DNA sequence: GGTGGGCGCTATACCGGTTTAGTGGACCGT
DNA sequence: ACGGTCCACTAAACCGGTATAGCGCCCACC
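Protein chains in written order, with this note's numbering: chain A, 1 to 340; chain B, 341 to 680.
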């Protein structure tokens, strides 16, 4: 089976390749009737532009890239990326842009991949996730002048475009929910502290607690199940343990719930649990977890739109997303009556 | 920053583009010294082939495709695909092949994507997952003559190449494990019955039970948490409920465990649970789940190698993977002493 | 009725590789 | 000394699009 080219169309229409190109790209230079005839033939023989030819000619690859460098083990349990990709794809489907997706060993490998993609003209731009403080990837991407949209980072970090969620509001929602239930001493189990994302959440969380007039502190973990369990155990062993814990992702929340239960701590009777990110996981466990839910698919779609604009020569700029909403479930309740 | 081309190299070396091309591709036609000089210059200025130019010239896209059409909600909680992609990427990284990855709404959209990719010459081949009985995608892929490796399907299905796991052995491992513990009446909660994969497992499971001389039956679910819970509830409500249940994936197993516990059934005291697919999830819940574990990363790598061979003109053919191994954890134990 | 301008189209260069045909020179044998 | 081979390399076509210069023709205008 041979793919039709514009030369085939040109021959059938009795015109030259150029005329066909004009017609197909809504360029002036052909009469309405000829244009109509050409479009008709193209449709009939099922012509589609050869992406390589187009890429070579106009100097754009017709593809964006996305690399994730978290270890494969963690990744899978995170619904976030699949939803993000679904959203990106939705926004890209209409045009002639594809998505190159890869998981890398580490950040070093990720940066090399950017260089390779750039050198081979594989992509017109990339999505970058898990931005870190003083992230070395930024320098690489700027050096390569590769259009980049940072997903989930603050506005204008490093001059790059970004799409990010309003974590201040989310933090306030969670804290106020707990404060309203009567909690006066809460904690949060965070992701890696060198993630921008974590720092922002920490600042927002502490400030919200401050405003609500309750005590709060954060302990560091690493998004893994083990990390969540260990942090929980440590928190419960404190002299005055918190009566509620907020976890930075669902995996740690579920794992922390398990650790608490194993330690004989009743949830939500003695401890309330909130997950900062919702997924089936949260509804799967018992009790089901109160969670902050955001529309990740829309998030991906907006990131893709932003990158499309950027790659088309648009000005860099950022866009905030609608804040997460709190979905109360069975894992949060008033704190136990004062002991002591 | 401008990307160097072979013309740049040619100029610096004082030869023509053709000589450079010969040198870079280990083609005869240049002297060893000239070849050396050219390679040196290429390395020095960091030349990489423009993928579009190469694709246009030699008629291959330099990329493979992978589409998943499960709803985004389920997907995320399945570590399988991320690991598969990691494996594929590992095998592809060395060469000049990229991976186009997409999640599609449904099979219709998936097939259209194949057509588009083919028409635009975007990919040299695709990986196909979740093969169904009488799968319409096969006809499309054959019509397009798009090299395809089916992941997780039986040998030679529809004449396509495949990479699949030995589910017979896996089924025997699970059944024997339960039989040895003393179970005489077991059940299995399956994925969608029109998946090849499910049918094979069902046959293998029933035969293994038959050989072990114990009673077994399967109930159909759909890989979702709800499906797993509902099926579990139904099984436990049977006049003579099974003393052990095997679930086709970790999500259903975890969810089934929760349903059983909510119904007041003790695991593993009254019911043993086995998950056919291992992941953090299985270790996260309490009790931790006995699971069949396979090396998904290697699986992906082998699939990629197979597709590379196929796209290079190799003969179609299939390859079996090492069977899963059973990892016993706390969720399996001897059945309760006979009531009645 | 000559001229200028715009329209509709053709011819062709170009993107950056690969590939084929061709060429000049060294070296060989006789 | 001369024809034949082989070797190292050059010139140019080609892949399938896009973009630009140019050409013939019709029409308006004074």
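Note that CB positions come from ideal geometry on N, CA and C, so glycine has one too.
Since the model is a prediction, treat every value here as computed from it, not as a measurement.
Proximity test, Cβ basis, 9 Å: residue 462 (chain B) and chain A: For the purposes of this step, residue 462 (chain B) is taken as the residue at position 122 of the second chain. Interface flag for residue 462 (chain B) against chain A is set, since a Cβ pair is found closer than 9 Å.
Nearest residue (CA-CA) to residue 493 (chain B), options B:480, B:516, B:576 and B:467: Within the second chain, numbered from 1, the residue matching residue 493 (chain B) stands at position 153. Checking every option, the nearest Cα to that of residue 493 (chain B) belongs to B:467.
Below-9 Å beta-carbon distance, residue 391 (chain B) vs any chain A residue: Here residue 391 (chain B) is taken as the residue at index 51 of the second chain, counted from 1. It does: the Cβ of residue 391 (chain B) has a partner Cβ on chain A nearer than 9 Å.
Residues bridged to residue 612 (chain B) [DSSP beta-bridge criterion]: Taking the second chain and counting its residues from 1, one reaches residue 612 (chain B) at position 272. The partner list for residue 612 (chain B) (beta bridge, DSSP) reads B:584.
Local conformation of residue 342 (chain B) per DSSP, three classes: Taking the first residue of the second chain as 1, we reach residue 342 (chain B) at position 2. It is coil, neither helix nor strand.
Unbroken stretches of the alpha helix (DSSP H), 4 residues or longer, contained in the region 61-102 of chain A: 72-76 and 79-92
Contact set for residue 327 (chain A): own chain, Cβ-Cβ below 7 Å, skip 5 residues either direction: Taking the first residue of the first chain as position 1, residue 327 (chain A) is located at position 327. Cβ within range, chain order: 278, 290, 291 and 293.
Other residues of its chain near residue 205 (chain A): CB distance less than 8 Å, five sequence neighbours each side excluded: The sequence position of residue 205 (chain A) within the first chain is 205, counting from 1. Result list for residue 205 (chain A): 171, 174, 175, 188, 216, 218 and 246, in chain order.
Backbone CA spacing between residue 609 (chain B) and residue 430 (chain B) [nearest angstrom]: In the second chain, the residue the question calls residue 609 (chain B) occupies position 269. In the second chain, the residue the question calls residue 430 (chain B) occupies position 90. Going from the Cα of residue 609 (chain B) to the Cα of residue 430 (chain B) covers about 43 Å.
Residue-chain proximity (residue 8 (chain A), chain B), Cβ-Cβ < 9 Å: Numbered from its first residue, the first chain carries residue 8 (chain A) at position 8. No, no contact with chain B.
Contact with chain A by residue 595 (chain B), beta-carbon distance below 9 Å: On the second chain, residue 595 (chain B) is found 255 positions in, with the first residue counted as 1. So, interface residue.
Alpha carbon of residue 391 (chain B) to alpha carbon of residue 333 (chain A), nearest angstrom: What you label residue 391 (chain B) is simply residue 51 of the second chain in a count that begins at 1. What you label residue 333 (chain A) is simply residue 333 of the first chain in a count that begins at 1. The alpha-carbon of residue 391 (chain B) is positioned some 58 Å away from that of residue 333 (chain A).
Members of the region 84-112 of chain A that neighbour chain B once the beta carbon cut-off is set at 7 Å: 85, 86, 89, 98, 99, 100, 101, 102 and 103
Interface partners of residue 598 (chain B) on chain A, CB under 9 Å: For the purposes of this step, residue 598 (chain B) is taken as residue 258 along the second chain, with counting starting at 1. Simply 284, 285 and 286.
Beta-carbon proximity of residue 244 (chain A) to residue 178 (chain A), cut-off 9 Å: What you label residue 244 (chain A) is simply residue 244 of the first chain in a count that begins at 1. What you label residue 178 (chain A) is simply residue 178 of the first chain in a count that begins at 1. Yes, the Cβ-Cβ distance between residue 244 (chain A) and residue 178 (chain A) is below 9 Å.
Where residue 57 (chain A) falls, given that 16 or more other Cβ within 10 Å makes a residue buried: What you label residue 57 (chain A) is simply residue 57 of the first chain in a count that begins at 1. Label assigned to residue 57 (chain A): exposed.
Separation of residue 315 (chain A) from residue 18 (chain A), as counted between CA atoms: Against the first chain, residue 18 (chain A) aligns to sequence position 18. Against the first chain, residue 315 (chain A) aligns to sequence position 315. Approximately 32 Å between the Cα atoms of the pair.
Closer than 9 Å to chain B by CB, residue 118 (chain A): Taking the first chain and counting its residues from 1, one reaches residue 118 (chain A) at position 118. It does; some Cβ of chain B falls within 9 Å.
Start-to-end residues for the alpha helix (DSSP H) that takes in residue 598 (chain B): Position 258 of the second chain, counting from 1, holds the residue named residue 598 (chain B). Where residue 598 (chain B) is concerned, the enclosing alpha helix (DSSP H) stretches over 590-602.
Of the listed residues A:31, A:249, A:99 and A:35, nearest to residue 62 (chain A) (C-alpha basis): Indexing the first chain from 1 puts residue 62 (chain A) at position 62. Closest option to residue 62 (chain A), Cα to Cα, is A:99.
Option nearest residue 181 (chain A) by Cα separation, candidates A:271, A:310, A:64 and A:84: As a first step, residue 181 (chain A) must be located in the first chain, where it is residue number 181. Across the set A:271, A:310, A:64 and A:84, the C-alpha of A:271 shows the shortest separation from the C-alpha of residue 181 (chain A).
Exposed unless 16 or more other CB atoms sit within 10 angstroms - verdict on residue 239 (chain A): Within the first chain, the letter at position 239 stands for residue 239 (chain A). When all chains shown are included, residue 239 (chain A) counts as exposed.
Any C-beta of chain A under 9 Å from that of residue 499 (chain B): Numbered from 1 along the second chain, position 159 holds the residue referred to as residue 499 (chain B). No, its Cβ sits nowhere closer than 9 Å to a Cβ of chain A.
Spatial neighbours of residue 599 (chain B) in its chain, beta-carbon cut-off 6 Å, leaving aside the 5 residues before and after: The residue labelled residue 599 (chain B) in the question sits at position 259 within the second chain. Excluding positions up to five away in sequence, the list reads 569, 572 and 573.
Amino acids of chain B, ordered along the chain, whose beta-carbon sits closer than 9 Å to that of residue 55 (chain A): Here residue 55 (chain A) corresponds to residue number 55 of the first chain, with the count starting at 1. Here the neighbours are 390, 391, 392, 393, 395 and 396.
Interface residues of chain A facing residue 601 (chain B) [CB-CB closer than 9 Å]: Mapped onto the second chain, residue 601 (chain B) falls at position 261. Per Cβ cutoff of 9 Å: 286.
Identity of the residue in B:360, B:564, B:590 and B:443 nearest residue 383 (chain B) by Cα: Start at 1 with the first residue of the second chain, and residue 383 (chain B) comes out as number 43. Nearest of B:360, B:564, B:590 and B:443 to residue 383 (chain B), Cα basis: B:360.
For residue 545 (chain B), the residue or residues it bridges with in DSSP: Here residue 545 (chain B) corresponds to residue number 205 of the second chain, with the count starting at 1. Beta-bridge pairing links residue 545 (chain B) to no other residue.
Within-9 Å CB hit, residue 81 (chain A) to chain B: For this step, residue 81 (chain A) is matched to residue 81 along the first chain. By this cut-off, residue 81 (chain A) is an interface position.
Residues of the region 22-46 of chain A with Cβ closer than 9 Å to any Cβ of chain B, in chain order: 46
DSSP bridge partner residues for residue 164 (chain A) (one or two, in chain order): Mapped onto the first chain, residue 164 (chain A) falls at position 164. The partner list for residue 164 (chain A) (beta bridge, DSSP) reads A:320.
Helix, strand or coil at residue 358 (chain B) [DSSP, three-state]: On the second chain, residue 358 (chain B) is found 18 positions in, with the first residue counted as 1. In this structure, residue 358 (chain B) counts as helix in the three-state DSSP scheme.
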